[in-house]
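A.B. asks:
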């Protein structure tokens, strides 16, 4: 199997008044990918296409190496499990009979059916209700049954559509711990969730949709999303000096609330909070409380907004300066090299500030650690730009 277990290439699905796509993204083997977006963004359409519930679309979709448009598309389903909320209100049979029947339908080894049914009923605390009719289950119990149905096959690829819905906090935590175990065992997990904060530390890749369009695909580092915290103080202090200190440590500080005597700050690494503690100890400023603010779609959209501003700035620089393909390649090479060097040296410099410095150089000031060959390329760009202007 290839490194990607799921691939969407130029995917488009048209409805009467709605269009989803074009979408291009991959789900990497052994990683956890979150498909996020507001209601109506297209998440359900993407999930249904993955499992084969939607087969009429433009473009190409591959799942576990099988094209979803070919006759053998159904074979991909043997390698995947899928969870969604089901309504069992009309089911007369008891849960044991139902699960054993479904194990046969799903192709579970007959010798292991009894063990698997017993294990998962015990795990989800349904063993005492094993002979109760499913239609009499509460919504929470029905949701746990749906989860058993998605996990009992024990596949390498698991697709979960809002697994925490209708579960209380204790069961959501138990489900989260189960996903951690699956992740540590190298399973591929695709998940949608409104409670992003509960699964954020599990996510390797984000696929963000908005009104049927793909607005972002990449890692947390690519998204550059900061975690926000709110800190309360016993007494007032010199906020301006504190803010200046934070900016020097790549920690974003927001407005100081004098009424609450609190501030909100954001960081992309929990280790950076230690700098705050050291500063406050030095200044003998006691802390009343520290609260981590939840990660939600608003914080993701804010990160995307910041990233888009940066991308527009970089695009403007190179569009104004690149007159031909050869120069474009060299300029792109310079951008990649500079970014790679920043990551290797662990320089905590905001990308926008870095490229603003690059823009202000007018392609004439020397830049550290850049080979002369690439500087010459930029000089050529400058000369050609001036020639075009003349």
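In the working numbering, the protein residues as written are 527 to 916. All C-beta atoms, glycine included, are put in the ideal place defined by N, C-alpha and C.
Just to confirm the assignment, what range does the beta strand (DSSP E) spanning residue 554 have?
C.D. replies: Note, residue 554: beta strand (DSSP E), 545-554.
A.B. asks: Decide if residue 760 is buried, meaning its Cβ has at least 16 other Cβ atoms within 10 Å, or exposed.
C.D. replies: exposed
A.B. asks: Would you call the CB atoms of residue 735 and residue 558 closer than 9 Å?
C.D. replies: no
A.B. asks: Grouping DSSP H, G and I as helix and E and B as strand, with all else coil, what is residue 678?
C.D. replies: coil
A.B. asks: Grab the span of the alpha helix (DSSP H) containing residue 768 for me, first residue to last.
C.D. replies: 765-774
A.B. asks: Within the same chain, show all residues whose beta-carbon is closer than 8 Å to that of residue 580, passing over the 5 residues directly before and after it, in chain order.
C.D. replies: 539, 571, 574
A.B. asks: On the DSSP bridge list, what partners appear for residue 786?
C.D. replies: In DSSP, residue 786 forms no bridge with anything.
A.B. asks: Going by DSSP, what residues sit across from residue 534 in a beta bridge?
C.D. replies: Looking at the DSSP assignment, residue 534 forms a beta bridge with 551, 587.
A.B. asks: At which residue ranges does the region 665-743 contain complete beta strand (DSSP E) runs of 3 or more residues, listed in the order of the chain?
C.D. replies: 683-687, 714-718, 731-736
A.B. asks: Indicate the three-state DSSP secondary structure (helix, strand or coil) for residue 602 in the structure shown.
C.D. replies: If DSSP states are grouped into helix, strand and coil, residue 602 belongs with the helices.
A.B. asks: May I ask you to report which of helix, strand or coil DSSP gives residue 821?
C.D. replies: coil
A.B. asks: Quick one, which of 590, 569, 596 has its alpha-carbon nearest residue 582's?
C.D. replies: Of the listed residues, the one whose Cα sits closest to residue 582 is 596.
A.B. asks: Can you tell me whether DSSP reads residue 830 as helix, strand or coil?
C.D. replies: helix
A.B. asks: What three-state label does DSSP hand residue 565 in the structure shown?
C.D. replies: coil
A.B. asks: Compare the Cα-Cα distances from residue 645 to each of 610, 674, 532, 577 and report the closest residue.
C.D. replies: 674
A.B. asks: Spatial neighbours of residue 535 within its chain, please: CB distance less than 7 Å, with the 5 preceding and 5 following residues excluded, ordered by chain position.
C.D. replies: Excluding sequence positions up to five before and after residue 535, its CB lies within less than 7 Å of the CB of 550, 585, 586, all in the same chain and listed in chain order.
A.B. asks: Using 8 Å for Cβ pairs, my map puts residue 821 next to residue 755. What's the rounded Cβ distance?
C.D. replies: Incorrect: roughly 12 Å between the Cβ atoms, too far for contact.
A.B. asks: Using a Cβ-Cβ cutoff of less than 7 Å, which residues in the same chain neighbour residue 618 once the five nearest sequence positions on both sides are dropped?
C.D. replies: Within the same chain, residue 618 has close Cβ partners 659, 661.
A.B. asks: Determine the extent of the alpha helix (DSSP H) in which residue 624 is found, giving its start and end residues.
C.D. replies: 621-632
A.B. asks: Hey, residue 718 and residue 605: beta-carbon distance below 9 Å or not?
C.D. replies: Their beta carbons are not under 9 Å apart, which means residue 718 does not touch residue 605 by this criterion.
A.B. asks: Residue 623 to residue 668, Cα distance in whole Å?
C.D. replies: Answer to the nearest angstrom: the Cα atoms are 15 Å apart.
A.B. asks: Please work out which residues of its chain come closer than 8 Å, Cβ to Cβ, to residue 830, disregarding the five sequence neighbours upstream and downstream, and give them in chain order.
C.D. replies: 734, 741, 742, 749
A.B. asks: Could you name the residues of the same chain whose beta carbon sits closer than 7 Å to that of residue 578, not counting the 5 residues immediately before and after it, in chain order?
C.D. replies: 594, 599, 600, 603
A.B. asks: Confirm the yes/no value for this check: CB of residue 598, any heavy atom of the ligand SAM, distance under 8 Å.
C.D. replies: Absence of the ligand SAM from the depicted structure is noted, as is the absence of any ligand whatsoever, leaving it without description.
A.B. asks: Give the DSSP bridge partners of residue 804, in chain order.
C.D. replies: DSSP, once it has assigned bridges, lists no residue as partnering residue 804.
A.B. asks: Look at the Cβ atom of residue 809, then the Cβ atom of residue 763, and state whether they are nearer than 9 Å.
C.D. replies: yes
A.B. asks: Going by Cα to Cα distance, which pick from 620, 555, 561, 654 is closest to residue 683?
C.D. replies: Of the candidates 620, 555, 561, 654, the one whose C-alpha sits nearest the C-alpha of residue 683 is 555.
A.B. asks: Figure out for me which residue from 814, 701, 805, 720 has the closest Cα to the Cα of residue 770.
C.D. replies: Cα-wise, what sits closest to residue 770 is 805.
A.B. asks: Measure the CB-CB distance between residue 716 and residue 678 and report whether it falls below 9 Å.
C.D. replies: no
A.B. asks: Given this structure, state the Cα-to-Cα distance separating residue 615 from residue 665, to the nearest angstrom.
C.D. replies: 9 Å
A.B. asks: Taking the straight line between their C-alpha atoms, what separation do you get for residue 894 and residue 544?
C.D. replies: Note that residue 894 scores a pLDDT of 44, beneath 50, so its modelled location is shaky; the value from the coordinates is reported in the next line. Their backbone Cα atoms lie some 50 Å apart in a straight line.
A.B. asks: With residue 752 and residue 800 assumed to form a contact (beta carbons below 8 Å), what rounded beta-carbon distance in angstroms separates them?
C.D. replies: Not really, about 16 Å apart at Cβ, beyond 8 Å.
A.B. asks: Taking the C-alpha atoms as reference points, what is the distance between residue 882 and residue 705?
C.D. replies: Only weak support exists for where residue 882 lies, its pLDDT of 49 falling under 50; the value from the coordinates is given anyway. Cα to Cα, residue 882 sits roughly 42 Å from residue 705.
A.B. asks: Which partner residues of residue 593 appear in the DSSP bridge assignment?
C.D. replies: 588
A.B. asks: Considering residue 756, what are the terminal residues of the beta strand (DSSP E) in which it resides?
C.D. replies: 753-759
A.B. asks: Quick check on residue 814: does DSSP put it in helix, strand or coil?
C.D. replies: Here residue 814 sits in strand by DSSP.
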